[in-house]
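Enquirer:
Protein chains in written order, with my numbering: chain A, 12 to 172; chain B, -6 to 107.
1. Beta-carbon separation of residue 74/B and residue 64/B under 7 angstroms?
2. Considering only C-alpha positions, which residue in the set 26/B, 8/B, 10/B and 20/B is nearest to residue 28/A?
3. To the nearest whole angstrom, what separates the beta carbons of residue 99/A and residue 153/A, a pair I think is in contact under 8 angstroms?
4. Along chain A, in chain order, which residues have C-beta atoms closer than 7 angstroms to that of residue 88/B?
5. Using 7 angstroms as the limit for Cβ to Cβ distance, is residue 64/B near chain A?
6. Quick one: measure Cβ to Cβ for residue 49/B and residue 83/B, integer angstroms, because I've assumed they're closer than 8 angstroms.
7. Please report how far the alpha carbon of residue 55/A lies from the alpha carbon of residue 77/B, in whole angstroms.
8. Tell me which residues of the segment 17 to 37 of chain B have at least one Cβ-Cβ distance to chain A shorter than 9 angstroms, keeping chain order.
9. Would you give the residue range spanned by the beta strand (DSSP E) that residue 48/B belongs to?
10. Taking 7 angstroms as the cut-off, decide whether the C-beta atoms of residue 88/B and residue 150/A are in contact.
11. Enumerate in chain order the residues of its own chain whose CB-to-CB distance from residue 124/A is below 8 angstroms, with the five nearest sequence positions on each side excluded.
12. Pull up the CB-CB distance for residue 8/A and residue 88/A, whole angstroms please, since I reckon it's below 8 angstroms.
13. Mind pulling the beta strand (DSSP E) runs of 3 or more residues that sit fully within the segment 32 to 88 of chain A?
14. Return the bridge partner residues of residue 10/B from the DSSP annotation.
15. In chain order, what residues of the segment 43 to 61 of chain B put their CB closer than 7 angstroms to some CB of chain A?
16. In this structure, does DSSP put residue 81/B in helix, strand or coil?
17. Closest to residue 129/A by CA distance: which of 117/A, 81/A and 145/A is it?
18. By the 7 angstroms beta-carbon criterion, what residues does the segment 29 to 42 of chain A contribute toward chain B?
19. Hey, quick one: how far does the beta strand (DSSP E) through residue 23/A stretch, first residue to last?
20. Can you name the residues of chain A whose CB is closer than 8 angstroms to the CB of residue 79/B?
21. On a CA-only basis, which of 134/A, 104/A, 71/A and 19/A is nearest residue 96/A? Give me that one, please.
22. Express the C-alpha separation of residue 122/A and residue 103/A in angstroms, rounding to a whole number.
23. Tell me which residues share the same chain as residue 63/A and place their Cβ nearer than 7 angstroms to its Cβ, disregarding the 5 neighbours each side in the sequence.
24. Is residue 8/B close to chain A, meaning its C-beta is less than 7 angstroms from at least one C-beta of that chain?
25. What separation, rounded to the nearest whole angstrom, lies between the Cα atoms of residue 36/B and residue 110/A?
26. May I ask you to list, following chain order, the residues of the segment 76 to 107 of chain A that have a beta carbon less than 8 angstroms from some beta carbon of chain B?
27. Can you pull the chain B neighbours of residue 144/A, defined as C-beta to C-beta under 9 angstroms?
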């Protein structure tokens, strides 16, 4: 990991309240990184959707499974990882929620929203065997983190909560 | 903003004033419970006033769609009123603007049921 990258990670219970906890944690990081209100909203929503996905689809709402959330703040972007302990899934097979036949579907919009709100989005097979959502947002130009990264002065140690 | 839902009569139409975040958990559950109560009471002409809803996630969107289809299946209709910018943009992004009837004036929304 590059020395100027800040790392934060937390293990969450498979519980509805974890969605709010994850959102609030990432919002604090995003605000501190200099993202504006609109981007914070998009990041917060994406984190919610990622954790809802892990809670509902990945871990099947089973309390014995965990949700692993990690945030990397590099000089260029904020990267969010959401890892579940399910069986993984093929993101290419997720139905398009904008297709006419799916418009009245009561679910299936989370992946779409994360794609729409973040700059980069991918789903890979995680170390647990479950799905790992990796998504990122470019830091706004002029933010402290971006400036520190460019100057090479920001070398915060890895943090864990 | 505190989560709440109340409803009132506007002629044959019921206007639901809902406030707070409609998200996974309490917000979605409150919307579901409110719509169920209205339908159990025979109220099938519903205007959902979202003026005080500043946040909806995919679960909330799903609950709105469930409410819409449930009311439709009972022979009624559910229309949306006073969308905040975030909710407006979200419904546009998800193309649900093409599904729901959306109003910015309550009298017009209520009158549309005549």
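Cβ atoms here follow ideal geometry from the backbone N, Cα and C, with glycine treated the same way.
Expert: This is what the structure holds:
1. no
2. 20/B
3. Rounded, the Cβ-Cβ distance is 39 angstroms, inconsistent with contact.
4. 109 and 114
5. no
6. 6 angstroms
7. 18 angstroms
8. 17, 18 and 19
9. 38 to 49
10. no
11. 56, 57 and 60
12. Here chain A comprises residues numbered 12 to 172, so residue 8/A is not present and cannot be evaluated.
13. Segments of the beta strand (DSSP E) lying fully in the segment 32 to 88 of chain A: 77 to 84.
14. -1/B and 42/B
15. 50, 51, 52, 54, 55, 58 and 59
16. The answer is helix: DSSP assigns residue 81/B an H, G or I state.
17. Among 117/A, 81/A and 145/A, the Cα nearest to that of residue 129/A belongs to 145/A.
18. So the list reads 30, given in the order they occur along the chain.
19. 17 to 24
20. 52
21. 71/A
22. 11 angstroms
23. 30 and 121
24. no
25. Those two C-alpha atoms are separated by around 31 angstroms.
26. none
27. Result: empty, since nearest Cβ-Cβ is about 14 angstroms, beyond 9 angstroms.
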